Amino acid sequence: MHQKQLEDIFDFYGLSEVYRGKFEDVEHHWLFKDAEPTILEGFFNSHDCEDLACCTLEEFCFLFMNFQSIHAQIPHVYYY
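Structure (structure tokens):
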């Protein structure tokens, strides 16, 4: 994922300070770390979304994690 796309996602959800590393809690950052540049577009296309307003942060993270694991052909990882 391009750096600007990642920054835009955090800004959209009001997490720009987290993105910039100013908070200790960056639990969602790992989700996007190694994403391919086109994976966000693929996610939107597969979920009939035009932008990030189609779901909450929690829904987006869950759906994106699922989407990313399917496309990377890795098993689902559940965090408790």
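To convert a position in the sequence shown, counted from 1, into the working numbering, add 193.
Just so you know, even glycine gets a beta-carbon here, dropped at the ideal spot from N, CA and C.
Being a predicted model, the structure only gives us computed values, none of them experimental.
Beta carbon of residue i nearer than 8 Å to that of residue j
i	j	result
serine 239	phenylalanine 260	yes
Assigned secondary structure, residue i (DSSP; H/G/I helix, E/B strand, else coil)
i	result
aspartate 241	coil
cysteine 184	It is not possible to answer for residue 184, since the shown part of the chain is limited to 194 through 273.
Per-residue burial, residue i [other beta carbons within 10 Å of its own, 16 or more giving buried]
i	result
phenylalanine 257	buried
phenylalanine 203	buried
phenylalanine 255	exposed
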